[in-house]
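**Student:** Dumping the structure here so I can ask a few things about it.
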């Protein structure tokens, strides 16, 4: 990776990867197939294999492939970190510093060390999950509602964890009844509602995008879905950013002392 | 198709599909007006105080995400109505 010193080379590489993905997606269209392609069939995950009573769907397989990609990539890049960073390290440092700045602004703490692992992992995971559908053979795991629900549950449980860790049990529990005790049901309802809101925002955005691309494939497979696919790159990254931002806001609400 | 005496299951499906069109219109237009107000207020704030642009940007994006989720709820409901209607099995009969 040290060989890529010219930014133009990296841009060309990225353009090549995107072009390959687009071309392979175009070739994936069945030529002269007898039956009509079905949108619902295209979107919903199918069972790949079963382990006892468990049905392993394609979502799980894709998620594990993505985790392998992320893990091996992080290991390869993290193995030789240099004080004068190369291009890839520089880019990743920029992303991590942006996440740190977000935590500092929205959570309102100076020391980001305990928040960075979970917030950064969510950002990288969702960003990769939204983009991985562009690669041939892989499908994005986020249009399956179980994946966003799992991540929203992670946020749901990490908010009281960070609140208790930074403020103590009593101080955290007291903020539920802070102005008057009548606020207690409202606070609990809002905690549950925002979990579902996080789930449906991520799920609905990526799902709608996938459905539009599938319908365009059915209507006119050649070159027409390409602008929509390019737009889906933007949407996926924006949704990852918004999920991270909202996670920081929710954690910040639990961490900050009552101002 | 015999349009004069349609069976109930076909009427149910036709009504379901027809109702999604106005549903999409209402569900897109109302959050769009809200997002419009937020975006214009954010632009005015940044024009008045450009040095606070970063912070205003974050808050505007946050509000836009909140409003966006309303449109997404409509999308989810309509997807359920079209592709996985839970009432269909009572009308058409359990398969």
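Chains as they are written, first to last, in the numbering used here: chain A, 192 to 450; chain B, 940 to 1034.
Note that CB positions come from ideal geometry on N, CA and C, so glycine has one too.
1) Should residue 290 of chain A and residue 311 of chain A be called a contact, given that it needs their Cβ atoms to be closer than 7 angstroms?
2) Helix, strand or coil for residue 401 of chain A, going by three-state DSSP, please let me know.
3) At a CB-CB cut-off below 9 angstroms, which residues of chain A make contact with residue 985 of chain B?
4) Looking at C-beta atoms only, is the number of pairs between the segment 398-417 of chain A and the segment 355-366 of chain A that lie closer than 8 angstroms three or more?
5) Considering only DSSP beta bridges, list what residue 414 of chain A is partnered with.
6) With a Cβ-Cβ cutoff of 7 angstroms, do residue 1017 of chain B and residue 959 of chain B count as a contact?
7) Am I right that residue 436 of chain A and residue 982 of chain B are in contact with their C-beta atoms under 8 angstroms? What's the rounded C-beta distance?
8) Excluding sequence positions up to five away, which residues of its chain have a Cβ less than 6 angstroms from the Cβ of residue 347 of chain A?
9) Answer with yes or no whether the minimum CB distance from residue 385 of chain A to chain B is below 7 angstroms.
10) How many angstroms separate the CA atom of residue 980 of chain B from the CA atom of residue 973 of chain B?
11) Classify residue 245 of chain A as helix, strand or coil using the three-state DSSP reduction.
12) Within 10 Å of its beta-carbon, does residue 452 of chain A have 16 or more other beta-carbons around it, so buried, or fewer, so exposed?
13) Can you list, in chain order, the residues of its chain whose CB lies under 6 angstroms from that of residue 390 of chain A, leaving out five sequence neighbours each side?
14) Got a sec: is the Cβ-Cβ distance from residue 225 of chain A to anything in chain B below 7 angstroms?
15) Using 8 angstroms as the threshold, is the segment 316-325 of chain A in touch with the segment 289-305 of chain A, meaning 3 or more CB pairs across them?
16) Going by the beta-carbon positions, is the gap between residue 970 of chain B and residue 1010 of chain B smaller than 7 angstroms?
17) Residue 290 of chain A versus chain B: which residues are under 9 angstroms apart at the beta carbon?
18) Three-state secondary structure (DSSP) at residue 394 of chain A?
19) Tell me which residues of the segment 950-962 of chain B have at least one Cβ-Cβ distance to chain A shorter than 8 angstroms, keeping chain order.
20) May I have the straight-line CA-CA distance separating residue 286 of chain A from residue 307 of chain A, to the nearest angstrom?
21) Quick one: list the residues of chain B neighbouring residue 391 of chain A, beta-carbon separation under 7 angstroms, in chain order.
22) Specify the secondary structure class of residue 279 of chain A as computed by DSSP and reduced to three states.
23) Give the range of the alpha helix (DSSP H) segment to which residue 1010 of chain B is assigned.
24) Give the straight-line distance between the Cα atoms of residue 990 of chain B and residue 978 of chain B, rounded to the nearest whole angstrom.
**Tutor:** The answer reads as follows:
1) Yes, the Cβ-Cβ distance between residue 290 of chain A and residue 311 of chain A is below 7 angstroms.
2) The answer is helix: DSSP assigns residue 401 of chain A an H, G or I state.
3) Here the premise fails: no neighbours, minimum Cβ distance about 16 angstroms.
4) no
5) None; residue 414 of chain A has no bridge partner.
6) Pairing residue 1017 of chain B with residue 959 of chain B gives a Cβ-Cβ distance under 7 angstroms.
7) Contact between residue 436 of chain A and residue 982 of chain B does not hold, since the beta-carbon distance rounds to 20 angstroms and is not under 8 angstroms.
8) 386
9) With 7 angstroms as the cut-off, residue 385 of chain A does not count as an interface residue toward chain B.
10) 11 angstroms
11) strand
12) The structure shown does not extend to residue 452 of chain A, since chain A is modelled only from 192 to 450, so the question has no answer here.
13) 339, 340, 343
14) In this prediction, residue 225 of chain A scores a pLDDT of 44, lower than 50, which makes its location untrustworthy; the coordinate-derived value is nonetheless stated afterwards. False, the Cβ-Cβ gap to chain B never drops below 7 angstroms.
15) no
16) yes
17) By Cβ distance, chain B contributes nothing, its closest Cβ being about 13 angstroms from residue 290 of chain A, past 9 angstroms.
18) Of the three classes helix, strand and coil, the one that applies to residue 394 of chain A here is helix, per DSSP.
19) none
20) 12 angstroms
21) 1008, 1011, 1012, 1015
22) helix
23) 992-1022
24) 18 angstroms
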